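S.K.: Handing you a structure now.
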Amino acid sequence: MDLTNERLVEMYIAMNKIRTFENRVAELFADGKIPGFVHLYVGEEAVATGVCANLTDKDYITSTHRGHGHLIAKGGDIKLMMAELFGKKTGYCKGKGGSMHIADLDLGIMGANGIVGGGPPLAAGAALACQYLDSKSVAVCFFGDGASNQGTTHEAMNLATCWKLPVVFINENNMYGISSCTINSMCVPNVADRAAAYDMPGVVVDGNDVVAVCEAAGEGIDRARQGRGPSLIECKTYRHRGHFEGDPCAYRDDSELEEWKEKDPIPRLEQKLKEMGVLTDEKIQEIKDKLQNDLAEAEKFAEESPFPDVSELLEDVYS
Amino acid sequence: MDLTNERLVEMYIAMNKIRTFENRVAELFADGKIPGFVHLYVGEEAVATGVCANLTDKDYITSTHRGHGHLIAKGGDIKLMMAELFGKKTGYCKGKGGSMHIADLDLGIMGANGIVGGGPPLAAGAALACQYLDSKSVAVCFFGDGASNQGTTHEAMNLATCWKLPVVFINENNMYGISSCTINSMCVPNVADRAAAYDMPGVVVDGNDVVAVCEAAGEGIDRARQGRGPSLIECKTYRHRGHFEGDPCAYRDDSELEEWKEKDPIPRLEQKLKEMGVLTDEKIQEIKDKLQNDLAEAEKFAEESPFPDVSELLEDVYS
Amino acid sequence: MPNMTFAQALNDAHKIEMSRDPNIYVAGEDVGVYGGIFGVTAGLLDQFGEKRVKDTPITESAIVGTAVGAATVGLRPVVELMFVDFIGVALDQLYNQAAKMKYMFGGKARIPMVLRAACGAGIGAAAQHSQCLEALFMHIPGLKVVMPSTPSDAKGLLIQAIRDDNPVVFLEHKMLYALEGDVPEGDYTIPFGQADVKREGTDVTVVATANMVHTALSAAEKLAGDGISVEVVDPRTLYPLDEEGIINSVKKTHRLVIVHEEVKFAGSGAEIAAMVAEKAFDYLDAPILRVAAPFCPVPFSHPLEQAYIPSEGQVIEAVKKVMA
Amino acid sequence: MPNMTFAQALNDAHKIEMSRDPNIYVAGEDVGVYGGIFGVTAGLLDQFGEKRVKDTPITESAIVGTAVGAATVGLRPVVELMFVDFIGVALDQLYNQAAKMKYMFGGKARIPMVLRAACGAGIGAAAQHSQCLEALFMHIPGLKVVMPSTPSDAKGLLIQAIRDDNPVVFLEHKMLYALEGDVPEGDYTIPFGQADVKREGTDVTVVATANMVHTALSAAEKLAGDGISVEVVDPRTLYPLDEEGIINSVKKTHRLVIVHEEVKFAGSGAEIAAMVAEKAFDYLDAPILRVAAPFCPVPFSHPLEQAYIPSEGQVIEAVKKVMA
Ligand SMILES: Cc1ncc(C[n+]2csc(CCOP(=O)(O)OP(=O)(O)O)c2C)c(N)n1
Ligand SMILES: Cc1ncc(C[n+]2csc(CCOP(=O)(O)OP(=O)(O)O)c2C)c(N)n1
Ligand SMILES: [Mg+2]
Ligand SMILES: [Mg+2]
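Chains as they are written, first to last, in this note's numbering: chain A, 1 to 319; chain B, 320 to 638; chain C, 639 to 962; chain D, 963 to 1286.
What follows is the structure, encoded as structure tokens:
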């Protein structure tokens, strides 16, 4: 795959967009502006970004409890996201869903999901619809290392291979499911090794290298689009923050985090683009200023939006 | 493993015991003596027999909807079984369970199970107890090719490997889950290939060769007993009868059945034992007569036993 | 009107709808070549082909979950769970995903899907293949719950269910599959939330569901001989529940007996009784009685199973008690 | 009596029981190193070691299923489901296996296990992390269902649950974890099936569970100011349900209001109302009212979530209505 400079810059912007969003959400959560459970994507931006760079609005994704990055990478509107996190009526879900349930079906975003392993069957279902309608669209299923131990994930992968569904399973292996390290929750070194159980391709990729992710995911997505069935791509990565905001992270070593910060996907791409002469310090500042501006606007929008009215409580249960 | 002649004869008897039992149950079902769902083990006798030859009463098994063979091989009493199939008060479950729920905890038989994939987590749990109590006992989980697609099976295998539980997963691959042929329900040629997803040994064995089954299972069971963790052994076999009694079997070719009848495990062992000079025609007749006698007695016991009294309906719900 | 069995009526409903709308697919274990364990999907594979009639592996979470995903994206799945007892391995996809997605997404999803399942005791299938679990589904906002009692209701309600834009749980009592009756030809729907008065009466209202409608009707016939006039009301859908229809009957009779095969404790009848005890209390002249299964798993043995299933005698006794 | 939080009381119960019986083990996601998402299992790993305090992968069917298997074979598992909402991925092992094994096997199994789970709304955790689902468990013969409202009840009931030889579902409302109260020291049990009168009164019986007990108590306090004497009855266990205790209170007050956070439709209150409408009808002077959550998933947004949770005001209104 030959990524044009333009696409590389787009990915750089997308990763920064996620990062700035997440960092601000962390502050807003600490300030008590955002309630509930908030799982941030800081450190894992290359995965969503690299994968979604291969998708259009006609393609589908299912996300996880850690969904902000997927949503932004798939084109989600941060104003509507921020308003939703605040529980405002103008949010993506009119305030009814919050962080764990943001969806934008017009963009093919089938929702964050509060159930670990909830997404894989849904993604297989979206892929079934794509196949059925012969739309040439595909579905991408983001799921964690922890989710790979869930029965639903096994079932979705098996059915997807049986039916040759156009779905790509993107495993985000950040080494932990809350406090559970993968070394204690599975005996194979790679989630991708499990592809062998379904006779589908299983690929391991550096999840902090957005170009590598983009290329590997691109192959799986092309394969799916061409009707050649599903594949499993494991992206090795790490979350910089706690499992959710408020997690003291007592279960892992600071040194581990420090090591992974060295591999932070954003400086890595930035460095590369600077070396290639594609980005300059000024250009970078310009990008970051723009992102900060957009974010400030989103926050203002969220702040100033009204809460839903209590009269809306019973709306939207049935069609 | 060197199987003594005595053990071989025991296995021969066990297989015949299952076969005669099942054939008679088929007749009794057709006569309306036995109600409900009855799934027979005819053709698959070598699996239960070969596996259970490695177990003692202190070891545990979980069974399936197709449980009679497992029960008999593990030492279950055919009188109590037959009475249960008739729904009699003297049956294993006082008539409350029927074919799909016969258990004998004293013999380590944790029950047939009406839920496909219901057994694997239970077997892992029994193995956990063995490990916890340091009893050197093991648990064996019988499950079908169909059950291997169920999420619970995946979860049980994963947890069993993580915790190095003394459990052996015995897959009975009879090529069908009701009308679903394995070629449509999984993309790997062998269920045992899935062991790779958990980094445990995965072995394929001729499930119609009781000696081969016995040896392969023996290795897995020894391994478990020695604290070296679980394994997966796939026994390729075939059911001669329909999925349940009453199944017209329209989904498979007669020729397939005929081919497999050629590989019937019972004549195969009989032939071998005759060639070895261990069994003669007279001895065989003697064995069969004895089995028929025992069976007739069991049937008589079942016939003559009373039904449970309606006053027992609400007993046995709670301890 | 042609006479057909309950199973044939369901089959007919499938054929009519699948012919009408190419985006309907059917999936489940043994629904294709086998035609469904109870024959409900017989012939569909031949008529509509493999794309639309999908045999699945044994994988209920994925069967239900793919239906939810496909429905969200534009198809109209009709999936079979075989036995309702199996919902335990697939419940999450139904109750946390299908039922809640529309609400969680602020109204922006439509999940038109039907989950069909056989329920009920009577064939010696024991504890894991004989349950009635309608109360579980009723309690989940976002689901609709249908439970027909006759071939014609089965057809009309299934077509309605397939056309509904919400996840619908469609419960088929297995003792009804062979029941024959007149069934309207062609396109025929029954709106949800409309109870049907299966027999008019003035002394006691008996609300009954599924096969218990027939038990109630034969009890009513016998009670008529004793000069007691029983009105038998079949809610047909448990959500939406026709509260008005039930209350109107109680306003007339002043007495209520509820009959269902489900376990009594925390069963569907509890909601009906509680609703009436709240909204029509002043019309009641007697305690509300429930005739339902006792608090135990379904036993295998024939005499026990028969004792488990609510009987005509128990209904008669309850009616006489509220008349006393 | 020492003062401690609800979470600490549960922790105390674990420690007492685990010290007493070496065959008790604790398992679940993040129960070890993390000490439980809500801190209930804090310190257990240090005190009892890895063999007895088991962190698991994310695998609820296997967590519950291994507990069932291990219990059948002699251990006494206490497993945590984290959020009760997750039962959908593990229900089969609970309701078709644990709950039914004893009966299906003709009485020959004992399955002593406790499944703990956090439930309830109030922290903005939205539709898949805020449900109350007690009605689902009540409906399954073979299970016991516990729902404490105070730290001391939490301790006494959890020890009782661990000693029970049946599968017990132990529901902890997450808004109660930080609630403080006096808790008896050491070995302390509360028998199942004994409702507790949390406040005596003569005009209206309010049956309330979990955090709603406190809502009911503060409503009762206000109503006392209006001269209405409210008796607040906390069943504490929903199965077994102390029918006699509830009926005795109704015989005294002649009026019943039921308050729970669960969705009203087909919720636990339906059974209580139906039971009273059957067994104490003649003592009732007013309709039975239920104050409970409306028929929708739990919304995220704070004002909506607050509107979802039954309030003191709604209880007062209902009590005044039955007094009118
Ligand atoms: C069925 C279910 N079980 C448990 C949880 C609680 N939980 C939420 S996130 C999480 C960890 C998920 O780990 P992983 O899949 O690796 O994703 P990550 O958080 O690392 O992105 C757990 C256990 C849940 N939400 N759903
Ligand atoms: C959870 C669940 N799904 C479906 C069924 C219905 N059912 C009973 S046996 C069976 C086929 C099982 O196939 P397999 O595991 O290969 O075992 P076999 O019958 O071939 O011995 C099915 C689908 C069930 N009992 N439980
Ligand atoms: Mg992870
Ligand atoms: Mg099979």
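Glycine included, each C-beta is placed from N, C-alpha and C at the ideal position. As the structure is a prediction and not an experimental result, all values here were calculated from the model.
Could you please go through the chain and list the residues whose beta-carbon is closer than 6 Å to any non-hydrogen atom of ligand 5?
M.R.: Among the ligands present in this structure, namely ligand 1, ligand 2, ligand 3 and ligand 4, ligand 5 is not found.
S.K.: Chain B partners of C187(A), CB-CB under 7 Å?
M.R.: Against the first sequence, residue 187(A) aligns to sequence position 187. Near C187(A) (Cβ distances below 7 Å), the residues of chain B are T480, C481, Y517 and D518.
S.K.: Let me make sure I understand the geometry here. Which of S1023(D), M1063(D), G1118(D) and C1081(D) has the alpha-carbon closest to that of G1148(D)?
M.R.: The sequence position of residue 1148(D) within the fourth sequence is 186, counting from 1. Answer by Cα proximity: G1118(D).
S.K.: From the DSSP output, in three-state form, read off G207(A) for me.
M.R.: One-based indexing of the first sequence puts residue 207(A) at position 207. Note: G207(A) maps to coil in three-state DSSP.
S.K.: Report all residues from its chain with a CB closer than 7 Å to the CB of L1251(D); omit the five preceding and five following residues, and keep chain order.
M.R.: The residue you call residue 1251(D) lines up with position 289 of the fourth sequence. Cβ neighbours of L1251(D) beyond the five flanking positions: V1219, A1280, K1283 and V1284.
S.K.: When you compare each of E810(C), G666(C), A759(C) and D659(C) to P695(C) by their alpha carbons, which one comes out closest?
M.R.: Here the question's residue 695(C) lines up with position 57 in the third sequence. Closest by alpha carbon: G666(C).
S.K.: Please report whether the beta-carbon of G726(C) lies at a distance below 9 Å from any beta-carbon of chain B.
M.R.: As a first step, residue 726(C) must be located in the third sequence, where it is residue number 88. Yes, contact with chain B.
S.K.: Should E1147(D) be listed as close to ligand 3, given that the test is whether its C-beta is under 8 Å from any heavy atom?
M.R.: Counted from its first residue, the fourth sequence places residue 1147(D) at position 185. Checking the Cβ of E1147(D) against ligand 3 gives no.
S.K.: So, at 6 Å on beta carbons, what are the nonlocal neighbours of K1226(D) in its own chain, with the 5 sequence-adjacent residues on each side left out?
M.R.: As a working note, residue 1226(D) is residue 264 in the fourth sequence. Cβ neighbours of K1226(D) beyond the five flanking positions: R1252 and A1254.
S.K.: As a quick exercise: from M175(A), S180(A) and E245(A), pick the residue whose alpha carbon is nearest that of V191(A).
M.R.: Walking along the first sequence from the start, residue 191(A) turns up at place 191. Considering only alpha carbons, the answer is M175(A).
S.K.: Just the Cα atoms here: how many angstroms apart are T875(C) and P354(B)?
M.R.: Along the third sequence, one-based indexing puts residue 875(C) at 237. Along the second sequence, one-based indexing puts residue 354(B) at 35. Whole-angstrom Cα-Cα distance: 32 Å.
S.K.: Under a three-way DSSP split, which group does G202(A) fall into?
M.R.: One-based indexing of the first sequence puts residue 202(A) at position 202. Reduced to three states, the DSSP call for G202(A) is strand.
S.K.: Does DSSP put D423(B) in a helix, in a strand, or in coil?
M.R.: Numbered from 1 along the second sequence, position 104 holds the residue referred to as residue 423(B). In the structure shown, D423(B) sits in a strand (DSSP, three-state: E or B).
S.K.: At a cut of 8 Å, does the stretch 1064 to 1076 of chain D reach the stretch 409 to 429 of chain B through at least three beta carbon pairs?
M.R.: The stretch 1064 to 1076 of chain D is in contact with the stretch 409 to 429 of chain B.
S.K.: Quick check: what's the CA-CA separation for G1207(D) versus E44(A)?
M.R.: In the fourth sequence, the residue the question calls residue 1207(D) occupies position 245. In the first sequence, the residue the question calls residue 44(A) occupies position 44. The alpha-carbon atoms of G1207(D) and E44(A) are separated by roughly 56 Å.
S.K.: Residues in its own chain within less than 7 Å of I266(A) by CB, not counting five upstream and five downstream?
M.R.: Numbered from its first residue, the first sequence carries residue 266(A) at position 266. Once the five neighbours on either side are set aside, the close Cβ partners of I266(A) are M15, N16, R19 and E45.
S.K.: Check the Cβ of M429(B) against every Cβ in chain C and list those closer than 9 Å, keeping chain order.
M.R.: Locating residue 429(B) in the second sequence gives position 110, where the first residue counts as 1. None at all; the shortest Cβ gap to chain C is about 15 Å.
S.K.: Cα separation between A30(A) and V1194(D)?
M.R.: Within the first sequence, the letter at position 30 stands for residue 30(A). Within the fourth sequence, the letter at position 232 stands for residue 1194(D). Taking the straight line joining both Cα atoms gives about 38 Å.
S.K.: Given that E474(B) touches chain A, what residues does it touch there, using C-beta distances under 9 Å?
M.R.: For this step, residue 474(B) is matched to residue 155 along the second sequence. By Cβ distance, chain A contributes N149, Q150, G151 and H154.
S.K.: When you compare only the Cα positions, how much space is there between A1024(D) and V835(C)?
M.R.: Taking the first residue of the fourth sequence as 1, we reach residue 1024(D) at position 62. Taking the first residue of the third sequence as 1, we reach residue 835(C) at position 197. If you take the alpha carbons of A1024(D) and V835(C), they lie about 47 Å apart.
S.K.: Could you compute how far the alpha carbon of Q798(C) sits from the alpha carbon of Y877(C)?
M.R.: Walking along the third sequence from the start, residue 798(C) turns up at place 160. Walking along the third sequence from the start, residue 877(C) turns up at place 239. Distance between the alpha carbons of Q798(C) and Y877(C): 14 Å.
S.K.: Got a sec: which bits of the stretch 408 to 426 of chain B sit with their beta carbon under 9 Å from any beta carbon on chain A, in order along the chain?
M.R.: The stretch 408 to 426 of chain B vs chain A, Cβ under 9 Å: nothing.
S.K.: Residue range of the beta strand (DSSP E) that Y261(B) falls in?
M.R.: Since the first residue of chain B shown is 320 and the last is 638, residue 261(B) is not available in this structure.
S.K.: Could you spell out where the beta strand (DSSP E) holding L232(A) opens and where it closes?
M.R.: Locating residue 232(A) in the first sequence gives position 232, where the first residue counts as 1. Note, L232(A): beta strand (DSSP E), S231 to K236.
S.K.: Have a look at G831(C), N849(C) and V807(C) and flag the residue whose alpha-carbon is nearest the alpha-carbon of A816(C).
M.R.: By one-based count along the third sequence, residue 816(C) stands at place 178. That would be N849(C), whose Cα lies nearest to the Cα of A816(C).
S.K.: At a cut-off of 8 Å, would you count E172(A) as near ligand 3, judging by its Cβ distance to the nearest heavy atom?
M.R.: Position 172 of the first sequence holds residue 172(A). Yes, Cβ of E172(A) sits closer than 8 Å to a heavy atom of ligand 3.
S.K.: Going by DSSP in three states, H628(C) sits in which element: helix, strand or coil?
M.R.: Since the first residue of chain C shown is 639 and the last is 962, residue 628(C) is not available in this structure.
S.K.: Does A569(B) pass the burial test, meaning 16 or more other C-beta atoms within 10 Å, or should it be called exposed?
M.R.: Position 250 of the second sequence holds residue 569(B). Exposed, by the Cβ-count rule.
S.K.: Would DSSP call S498(B) helix, strand or coil?
M.R.: Along the second sequence, read from residue 1 onward, the residue named residue 498(B) stands at position 179. Reduced to three states, the DSSP call for S498(B) is coil.
S.K.: Under the DSSP definition of a beta bridge, which residues are partnered with H1264(D)?
M.R.: In the fourth sequence, the residue the question calls residue 1264(D) occupies position 302. Answer by DSSP bridge pairing: none, since H1264(D) is not bridged.
S.K.: Report the option in G673(C), R893(C) and A708(C) whose CA atom is closest to the CA atom of D566(B).
M.R.: The residue given as residue 566(B) occupies position 247 in the second sequence. For D566(B), the nearest C-alpha among the options comes from G673(C).
S.K.: For a contact defined as C-beta to C-beta under 9 Å, what are the partners of D193(A) on chain B?
M.R.: Indexing the first sequence from 1 puts residue 193(A) at position 193. Chain B residues near D193(A): A515, A516 and D518.
S.K.: Using a C-beta to C-beta distance shorter than 7 Å, which residues of chain B count as neighbours of N184(A)?
M.R.: Residue 184(A) sits at position 184 when you count from the first residue of the first sequence. Residues of chain B passing the Cβ test: C481.
S.K.: Select from the stretch 1049 to 1081 of chain D all residues with a C-beta closer than 7 Å to any C-beta belonging to chain B, and list them in chain order.
M.R.: Taking 7 Å as the Cβ-Cβ cut-off against chain B, the residues of the stretch 1049 to 1081 of chain D that qualify are D1054, Q1055, N1058, Q1059, M1063, K1064, Y1065, M1066, F1067, G1068, G1069, K1070, A1071 and R1072.
S.K.: Is R754(C) near ligand 2, going by C-beta to nearest heavy atom under 8 Å?
M.R.: The residue labelled residue 754(C) in the question sits at position 116 within the third sequence. No, since every heavy atom of ligand 2 falls outside the 8 Å radius drawn around the Cβ of R754(C).
S.K.: Could you work out which residue in P779(C), F676(C) and I866(C) is closest to A736(C) when comparing CA atoms only?
M.R.: The sequence position of residue 736(C) within the third sequence is 98, counting from 1. For the residues P779(C), F676(C) and I866(C), the minimum Cα distance to A736(C) belongs to P779(C).
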